[in-house]
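In order, the protein sequence lines correspond to chains W and G.
Under our numbering, the first residue of the first sequence carries the number 205, and numbering increases by one thereafter.
Under our numbering, the first residue of the second sequence carries the number 52, and numbering increases by one thereafter.
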Amino acid sequence: MKGLRLEVWKDQIDIMASSNLDSLPLSQTIAPAEQAGVAEAVRAAFEAGTPVYPLGGGTSLDYGLPARQTGIGLSLSGLARVVDYPARDMTVTAEAGIRLSELARVLAAERQWLPIEAPQPDEATLGGLVATAWGGARRYGWGRMRDYVIGISAVDGRGTPFKGGGRVVKNVAGYDFCKLLTGSLGTLAVITQVTLKLKPLPERSILVCASVGDLDDAERLLAGLVQTATTPSAIELLVGPAWRDEPSLPPLVPGAIGRLVVGLEGTAGEVTWMAETLAQEWRSQKMAEVTIISDEPAGGTAPGAATVWTRLRDFSIGEAELVLKAVLPPSRVCAFVSRLLAADRQVSIQAHAGSGLVMARFPQFAAGDISKKLLGDLQPAAASSGYLTVLASSIPDLTRQSVWGGIGAPLPWMHAVKQQFDPRGLLNPGRFVFA
Amino acid sequence: MMLAESLVFLAERLRELVGVDNVLSAHSDLMVYECDAFVIEKNSPDVVVFPRTSEHVAAVIKLCNELNVPYVPRGAGTGLAGGSLPIGGGVMIVLTRMNQILELNLRDRYAVVQPGVVNLWLTNALKGTGYHYAPDPSSQGACTIGGNVATNSGGPHTLKYGVTVNHTLGLEAVMTDGSIVQFGGPYEDAPGLDLVGTLVGSEGTLAVVTKIWVRISRNPEGVRTLLVVFDSVDSATQAISDVIGAGIVPAALEMMDQGILAAVEAAYHFGFPLDAEAVLLIEVDGLEAGLDERRDRIIEICRQAGAREVRQARDAQERLKLWKSRKGAFAAVGRLSPSYCTQDGVVPRTKLPHILRRIREIGGRYNVRIVNVFHAGDGNIHPILLFDERDPAQIQRVLAAGHEILEECIASGGSVTGEHGIGVEKISFMAKLFAPDDVAAMERLRTAFNPRGLLSPAKMLPTAGACGVEQVHPGRRAAV
């Protein structure tokens with residue numbers, strides 16, 4: 205019986221580029237074409253006690269802790285269809301394996317979008333986006349992944365399919381599995397299908413940029429933005445070598461520590477008004493040079509807003525040995541940036557400063573120094589008001605505490621949930637907060 | 052119900068824990084707490100406690116565990132689905148005395164409140180700061196933020212701004228083992244599972260929330276409020292579908308039909324056109340720079356759909372009066388009939404014309420008068436079924452008609468509750484909305500948090516001991 209089923213899968217096997225999967229100890233990779241196939245694969249693995257690594261586009265395999273136990277790769281690439289797109293309801297139901305760029309293309313045809321950004325959209329999948337709860341600069345104005353998932357189908361660690369939510373934008377029937385699974389890194393269930401609510405594509409999307417002399421200047425401007433008359437969709441603080449000579453941005457004023465970049469999106473009239481208003485607000489706060497980065501660059505040679513948005517999206521995948529992410533109250537961002545700079549002058553930083561998130565790319569760390577810096581200095585600094593986690597790293601032996609921070613009192617309750625959904629601990633083992 | 056002597060013992064122990072002024076056990080006192088705004092099913096708790104601190108809540112829960120007594124949290128009791136009904140009696144933990152706004156932090160755009168803070172208090176406390184708290188259920192003058200968290204409340208302006216969970220950053224909760232745990236806080240993306248998102252909307256069945264970190268929202272620079280008059284319900288629902296379909300997200304988009312308009316006009320004297328079959332209340336907000344453009348586009352779409360007249364609120368005062376009329380609509384229903392009950396169905400927004408036609412047809416078939424006032428932009432309907440509770444035959448027809456409407460919502464790809472919750476009222480629909488495996492997964496989640504089942508027993512899931520309320524009598528409901 206089992207052999208027969210494997211026969212069926214054989215046709216659908218999609219051996220992924222092995223380079224992508226190097227970091228996972230896989231005995232084999234299978235790619236079912238239906239949710240039933242996913243359920244069957246997980247059920248078989250459950251019975252055999254084999255670990256299962258759900259695979260999307262393979263773009264976040266260095267996220268979290270490295271996997272150690274050999275298991276099967278369960279690719280969702282065979283489930284990549286748009287199931288239902290009632291554009292006039294502004295919702296879409298798609299399978300987990302659909303690439304983000306493909307989904308964006310489908311939605312753009314109806315002038316709609318999912319305003320959540322992730323690097324490598326040609327590779328990254330919707331399921332991966334939900335599993336990692338990834339989010340970029342636009343979170344300030346548009347919210348987070350958890351705000352967009354309104355329905356979800358998945359297969360738990362026993363191989364039992366289940367769903368939560370539905371296909372309507374407002375729904376409080378039953379427990380909210382959409383929230384539970386968003387950001388669960390495939391450790392409770394393998395996500396097979398997602399229903400999203402959507403937004404209309406903004407007509408225009410520009411950025412306003414200014415150099416900031418030092419971090420006190422930056423904090424003064426950031427605090428001022430709390431009362432800006434404009435409605436920014438992104439508030440970014442960019443510091444360090446990765447940004448210093450960035451060609452898509454106006455040149456850094458000599459001596460300045462970095463740049464503040466604010467995204468403004470809306471109708472043509474709104475965007476024009478906001479750009480002028482924000483520039484005025486900043487000038488009144490003694491910012492001399494304020495540059496507007498248009499989405500319709502004059503002459504067509506200068507890089508426009510689209511290029512900057514892409515750079516902002518892709519920061520975390522730039523060359524680095526270690527990428528950290530801190531989550532803080534926004535007022536603590538500049539102080540934490542200062543701590544990062546004190547730890548290493550070569551660090552490059554992108555802070556979603558309006559939302560209190562700081563990403564830091566360290567090009568290299570002297571071996572042995574990492575845990576001291578992380579655990580001894582940076583993590584305690586963040587822990588007084590938030591968390592510091594490792595977003596990506598090529599360092600092999602980081603501890604769970606280093607990577608995920610001290611979760612503290614909520615951890616036993618996360619374990620209790622895990623025990624219910626994946627009792628044998630086979631889904632994406634070792635990589636997330638669960639020991 | 053407990054034996055008399057153990058009841059005395061329980062009440063005594065509770066008085067020791069939280070103080071004599073914070074415990075009620077006299078029968079006459081308990082009657083107040085035998086139901087919330089879902090009045091069909093009633094049951095008195097054995098004791099009511101009013102904790103003042105999280106530690107009080109923890110001590111009460113530990114005692115309930117020790118004595119194996121069920122316990123249920125309650126806010127202001129405005130819940131419409133019986134979420135705080137004390138099934139099996141036991142201890143009711145009423146959180147209305149934990150009612151302090153603990154922190155307003157503009158720089159970091161959050162507020163910290165205790166669960167008993169009334170929704171409107173927070174927005175009032177933020178007046179003059181340029182910020183507000185966005186979720187605005189119609190009962191916002193009475194309902195508590197703790198209750199809003201339990202049911203994941205909505206309100207008219209959640210069309211643009213999102214429901215309670217979209218504004219909840221962190222929770223402190225007392226867990227079923229009596230431990231006090233903080234999930235999330237004044238930051239986004241706390242590592243690990245999103246248990247904040249999981250606890251919001253869990254209807255008090257997973258933990259007792261004792262502190263809430265909420266995101267506060269910038270006030271819009273400007274607002275345009277329109278009253279659009281239609282000669283047919285079909286044209287009005289078509290206009291709703293067309294506005295959303297055109298990619299316009301108003302701040303609010305509400306519909307009232309002719310039946311409810313008569314009552315609302317008699318109560319509030321706004322000047323609604325009583326010969327119109329339906330009116331839409333449409334509000335756009337945001338930057339002045341884009342407002343008139345959006346308003347004009349909406350007017351154009353409405354006119355194309357057959358609107359007979361468009362009025363714009365002249366000033367803030369007229370706008371407030373318009374919203375007061377809308378939010379007070381349910382209070383005005385008493386003018387139409389001695390009793391009424393409402394449903395909280397949701398359909399995809401393009402199915403609004405269909406569901407409204409079906410509601411009319413169902414009402415006709417059962418000979419039940421139905422009026423409508425609802426969150427049209429979200430597809431969240433609130434048909435109000437009018438009846439006289441002295442007539443048993445009418446009661447049966449109303450129950451049957453209500454069920455058929457919700458079945459039609461499910462058949463249209465929707466849900467049986469958009470914002471009121473499952474509670475005890477809609478347990479029987481869970482099996483229609485979800486497959487057995489879905490419900491089993493929900494049971495597992497509940498087991499993870501509430502393994503002994505002493506917290507809010509027999510709610511939300513159609514499992515052991517919770518087959519739902521056998522409805523023999525529809526309810527009269529308050530605000531929606």
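Virtual Cβ for every residue (Gly too), placed ideally from N, Cα, C.
As the structure is a prediction and not an experimental result, all values here were calculated from the model.
Do the CB positions of Lys211 (chain G) and Ala290 (chain G) come within less than 7 Å of each other? no
Minimum Cβ-Cβ distance from Asp72 (chain G) to chain W less than 7 Å: Closer than 7 Å: no.
Leaving aside the five residues before and after Val300 (chain G) along the sequence, list all residues of the same chain whose C-beta is less than 6 Å from its C-beta, in chain order. Hits under 6 Å: Lys211.
Would you say Ser388 (chain W) faces chain G, with C-beta separation under 7 Å as the test? yes
Measuring CB to CB, does Glu328 (chain G) end up less than 7 Å from Asp282 (chain G)? yes
Ordered along the chain, which non-local residues of its own chain (more than five positions away) have a Cβ less than 7 Å from that of Arg343 (chain W)? His556 and Ser559
State buried or exposed for His183 (chain G), treating a residue as buried only when at least 16 other CB atoms are found within 10 Å of its CB. buried
C-alpha distance - Asn119 (chain G) paired with Gly229 (chain G), whole-angstrom precision: Answer to the nearest angstrom: the Cα atoms are 13 Å apart.
Considering Thr261 (chain G), what are the terminal residues of the beta strand (DSSP E) in which it resides? Start and end: Val259 to Arg266.
Classification of Ala433 (chain G) by the beta-carbon crowding that lies within 10 angstroms, buried from 16 upward: Here the sequence assigns His to residue 433 (chain G), which means Ala is not the residue at that position. By the neighbour-count rule (16 or more Cβ atoms within 10 Å), His433 (chain G) is buried.
Going by Cα to Cα distance, which pick from W:Ala377, W:Leu516 and W:Pro406 is closest to Asn203 (chain G)? It is W:Ala377 whose Cα lies nearest to the Cα of Asn203 (chain G).
Of the residues that make up the region 476–493 of chain G, which ones have a beta carbon closer than 9 Å to any beta carbon in chain W? Cβ contacts with chain W: Lys477, Phe480, Met481, Leu484, Phe485, Ala486, Asp488, Asp489, Val490, Ala491, Ala492 and Met493.
Please tell me whether Asn632 (chain W) has its Cβ less than 7 Å away from any Cβ of chain G. no
Relative to chain W, which residues along the region 125–143 of chain G have a C-beta separation below 8 Å, given in chain order? none
Which whole-angstrom value is the C-beta distance of Val216 (chain G) and Gly167 (chain G), which I expect to be below 8 Å? That belief does not hold up - the Cβ atoms of Val216 (chain G) and Gly167 (chain G) are roughly 20 Å apart, past 8 Å.
Residue(s) in a DSSP beta bridge with Met511 (chain G): In the DSSP output, where bridge partners are listed per residue, Met511 (chain G) has none listed.
Given this structure, state the Cα-to-Cα distance separating Asp476 (chain G) from Val163 (chain G), to the nearest angstrom. First, the amino acid is wrong: residue 476 (chain G) is Glu here, not Asp. If I take the Cα positions, the gap works out to 31 Å.
Note down, in chain order, every chain G residue with its Cβ under 9 Å from the Cβ of Leu561 (chain W). Tyr238, Glu239 and Asp240
Within 7 Å of any Cβ in chain W, is that where the Cβ of Val259 (chain G) sits? No, no contact with chain W.
Does Phe89 (chain G) have its Cβ less than 7 Å from a Cβ in chain W? no
Report buried or exposed for Gln484 (chain W), applying the criterion of at least 16 other Cβ atoms within 10 angstroms of its Cβ. exposed
Simplified DSSP state of Cys86 (chain G), which is helix, strand or coil: coil
Residues of chain G with CB under 7 Å from Arg292 (chain W), in chain order? Near Arg292 (chain W) (Cβ distances below 7 Å), the residues of chain G are Ser292, Ile295, Gly296 and Thr401.
Using DSSP with H/G/I as helix, E/B as strand and the rest coil, what is Asp360 (chain W)? strand
So for Leu615 (chain W), helix, strand or coil by DSSP? helix
Taking 7 Å as the CB-CB limit, is Asn203 (chain G) close to chain W? yes
Taking Arg150 (chain W) and Gly464 (chain G) to be in contact with their CB atoms under 8 Å, please state how far apart those CB atoms are, rounded to whole angstroms. In the structure as shown, chain W begins at 205 and stops at 639. Residue 150 (chain W) is therefore absent and cannot be evaluated.
Rounded straight-line distance, which links the Cα of Lys375 (chain G) to that of Leu325 (chain G): Between the alpha carbons of Leu325 (chain G) and Lys375 (chain G) lies a gap of roughly 18 Å.
Can you confirm whether Val232 (chain G), when its beta carbon is compared against all beta carbons of chain W, has any partner nearer than 7 Å? yes
Which residues, taken in chain order from the region 527–540 of chain W, show a beta carbon closer than 7 Å to some beta carbon of chain G? Val531, Leu532, Pro533, Pro534 and Ser535
Residue environment, Asp320 (chain G), which counts as buried when at least 16 other CB atoms sit within 10 Å: The sequence shown places His at residue 320 (chain G), not Asp. His320 (chain G) comes out exposed.
What are the residues that DSSP puts in a beta bridge with Arg362 (chain G)? For Arg362 (chain G), which the question treats as bridged, DSSP gives the partners G:Leu278.
Against Ile410 (chain W), what residues of chain G qualify as contacts under a CB-to-CB distance less than 8 Å, listed in chain order? Near Ile410 (chain W) there are no residues of chain G at all, since even the closest Cβ is about 14 Å away, more than 8 Å.
Alpha-carbon to alpha-carbon, Ser264 (chain W) and Val279 (chain G): 50 Å
Put Ser466 (chain G) into one of helix, strand or coil per three-state DSSP. strand
With a floor of 4 residues, list each alpha helix (DSSP H) that falls wholly inside the region 505–563 of chain W, ordered by position along the chain. Those alpha helix (DSSP H) runs which fall completely within the region 505–563 of chain W and span 4+ residues are 509–518 and 537–547.
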